[in-house]
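The structure appears below as structure tokens.
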Amino acid sequence: MFLTAQHQIPNVRSGNNQWTQDRESTLIGMLARLQYNYKGKYLLSAAVRRDGSSRFKEEPWGVFPSVSAGWNVSDEKFWNPLKSTVSSFKLRASRGTTGNQGIADYSYTPTITLDNDYVLGVATNQNLILGATQTGFANPKVRWETSVSLNGGFDMGFFDNKLTLSGDIYETKKQDMLFPVLLPPTAGGGNNAEVVLNVGDMTNKGVEFAMNYQHAGKLSWNAGLTYTRNDNIITKMSGSNKIIYFDDSSISGHDNDQDLVTALAEGYEGGAFFLVETAGTIKTEEELATYQAIVPDAKIGDLKYVDFDKDGTIGIGDRQYMGSGTPEFEMGFNFSANYKALDFSMQWYGSFGAEIINGNKALAYKVGNHQDLVYQWTPQNSTSDIPVNRNATHNNYRGQTDYWLDDGTFVRLRNISLGYTIPRDYTEKLGITKFRIYVAAQNPLTITKYDGYDPEVGNNGLSTRGIDKGTYPVSSQIRTGLQIEF
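If you count the sequence shown from 1, position 84 lands on 78 in our numbering, and the numbers rise without skipping.
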């Protein structure tokens, strides 16, 4: 089967979303692979994919080659003098490309959405007219997003592999990233109209290390440590617009908050926060008179915005880069031990350097039920930096400011358990091969400065990462039990 111009123009027909549309989508893939192994010492693998997608019109085909190689250095004769200390040593490297066609069908052609009815007429002579509007705008030049990855790494074992160490350094370049771009209502598509564009390029660079030690004896134990760091940067934005805000990056996700805060911007990491800096509340008449030169309708107790671009007004130009939901680095620690009939294990995880926007707090402010509002600015509480509750859409509670920004660093004890196994000399008489009593806990401890429910807010890859829109917190459990085997 071939992808031709005819195959790429199926009819969307009825329906206004992916579940009700009568639509067609075609993906064709071809793969060739070569693998070579010489005595387990030299390893080579090469592959190439050729994929075709009906979601692209002018360039439906993409070619994605990859190659990897490995060398077991410790299998060489010259390594023999070192084997008593460094028992294994392997080097590896790879270069690979992958494609992404993760966009909606028919993004290359304009689409009409039904159920946009309108009432026409005056007074008693009004009629509901069936209507439709164009909400999908054409981009016939949309093409494959390509990721090119380079990786180099090593694996080492010391003292008969009691101590193991592995490391990776990598770089991934995303080219022609695919994203839907929100269009203004003046484009003719109404609210939330979009067009899919290849918006630019992004580079990810990082390192990963893992170390593990095993000790055998009367007290046997195992400990493992991991470290990962990833830095990404938008290296190119296509066209003249060097910053694009994600259309789903409002901080509370409700209709009373339309400020978008997460963006792709050239020179910054993907999903960076761009916010207006605040400087507390207006506390005196002198401060009010000065601030009214920028915001004429401001009142005492309002939140002060910083005029970053010094143009005498507060606007989009006053937004500043203020981090992102991406941590600077992450670490993990695992430990387990056994002594006679006792066993113990625990697992820790830490995320460092990320920021969180507390949209859950913002929503509670907007609806007037957050506990902080008891301490908002009043003439009797004139030193408070909690702004006055005027209404949900007032500047005091808008999502575009750093008022909701928090430190997202945290360390969490994910799992811990302590168990005791009754010796088999006692249990075998009852036909039981194992009788273990244990107490365990899941997520019992989190160390963080974040004042929301849970710093591990998750969300998607870029647009809402680090935005807490009321994310259900991770549950904590403490349990005890019996493990019986017959």
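Cβ coordinates follow ideal geometry from the N, Cα and C atoms, glycine included.
From a predicted model like this one, the values you see are computed outputs, not experimental measurements.
- Annotation: Ala266 is outside any alpha helix (DSSP H); the continuous beta strand (DSSP E) that includes it extends over 266 to 270.
- For Arg44, DSSP records a beta bridge to Met24, Val57.
- DSSP places Thr474 within a strand segment (E or B) once states are collapsed to three.
- In this structure Lys135 does not touch Gly194 by the C-beta definition: roughly 14 angstroms separates them, more than the 8 angstroms allowed.
- Taking every protein chain shown into account, the CB of Thr427 has fewer than 16 other CB atoms within 10 angstroms, so this residue is exposed.
- Contact annotation, Asn206 with Thr158: C-beta distance approximately 5 angstroms; criterion of less than 8 angstroms satisfied.
- Taking all protein chains shown into account, Glu263 has 16 or more neighbouring C-beta atoms within 10 Å of its C-beta and is therefore buried.
- Per the coordinates, the alpha-carbon of Ala87 lies some 20 angstroms from the alpha-carbon of Tyr221.
- Between the C-alpha atoms of Ser47 and Thr166 there is a straight-line separation of about 23 angstroms.
- DSSP places Tyr444 in the coil class of the three-state scheme, outside both helix and strand.
- With the rule of 3 Cβ pairs closer than 8 angstroms, the stretch 467 to 475 counts as touching the stretch 429 to 445.
- When secondary structure is reduced to three states using DSSP, Ile310 falls in the helix class.
- Close CB contacts of Leu456 within its chain, under the 8 angstroms cut and outside five residues either way in sequence, are with Phe240, Thr256, Leu258, Gly264, Gly265 (chain order).
- When C-beta atoms of the stretch 97 to 113 are compared with those of the stretch 141 to 157, fewer than three pairs fall below 8 angstroms, so the two segments do not count as touching.
- Your pair Gly460 and Asp251 does not check out as a contact, with CB atoms roughly 16 angstroms apart and the cut at 8 angstroms.
- For Thr103 against Ala132, the beta-carbon gap comes to about 5 angstroms, under 8 angstroms, which counts as contact.
- At a cut-off of 3 residues, the continuous stretches assigned as beta strand (DSSP E) that sit fully inside the stretch 305 to 373 are 313 to 318, 323 to 333, 336 to 346, 349 to 351.
- Apart from the 5 residues on each side of it in sequence, Tyr397 sits with its Cβ closer than 7 angstroms to the Cβ of Thr272, Leu297 in its chain, given in chain order.
- Within its own chain, the residues whose Cβ lies closer than 8 angstroms to the Cβ of Thr79, once the five positions on either side in sequence are excluded, are Phe152, Phe153, listed in chain order.
- Here the stretch 309 to 326 does not lie against the stretch 367 to 379, with fewer than 3 beta-carbon pairs under 8 angstroms apart.
- For Leu269, the number of other beta carbons within 10 angstroms of its own is at least 16, and it is reported as buried.
- Distance check between Gly211 and each of Leu407, Thr395, Phe327, Ala331 places Ala331 closest, using alpha-carbon atoms only.
- Going by DSSP, Thr222 is part of the beta strand (DSSP E) stretching over 213 to 231.
- Residue Gly200 holds the alpha-carbon nearest to the alpha-carbon of Asn226 among Pro467, Ser244, Gly200, Ile245.
- For Arg89, the enclosing beta strand (DSSP E) stretches over residues 80 to 94.
- When the Cα atoms are used, Gln208 and Ser214 turn out to be separated by approximately 8 angstroms.
- In the structure shown, Pro174 adopts extended strand secondary structure according to DSSP, grouped into three states.
- Contact between Tyr391 and Lys360 is confirmed by a C-beta separation of about 5 angstroms, below the 8 angstroms threshold.
- Per DSSP, the continuous alpha helix (DSSP H) segment holding Leu282 begins and ends at 279 to 285.
- Cβ-Cβ distances below 6 angstroms link Val42 to Ala26, Pro59 in the same chain, with the five nearest sequence neighbours on each side left out; the list follows chain order.
- Looking at the DSSP output, Tyr30 bridges to Leu38.
- Per DSSP, reduced to three states, the secondary structure at Pro179 is helical.
- Look at the stretch 90 to 136 and you find these whole runs of beta strand (DSSP E), each 3 residues long or longer: 105 to 107, 112 to 116, 119 to 123, 127 to 130.
- The stretch 381 to 454 is shown to contain whole alpha helix (DSSP H) runs of 4 or more residues at 418 to 421, in chain order.
- With respect to Ile97, Val190 sits close: the two C-beta atoms are nearer than 7 angstroms.
- Counting of Cβ neighbours within 10 angstroms places Ala386 among the buried residues, the total reaching 16 or more.
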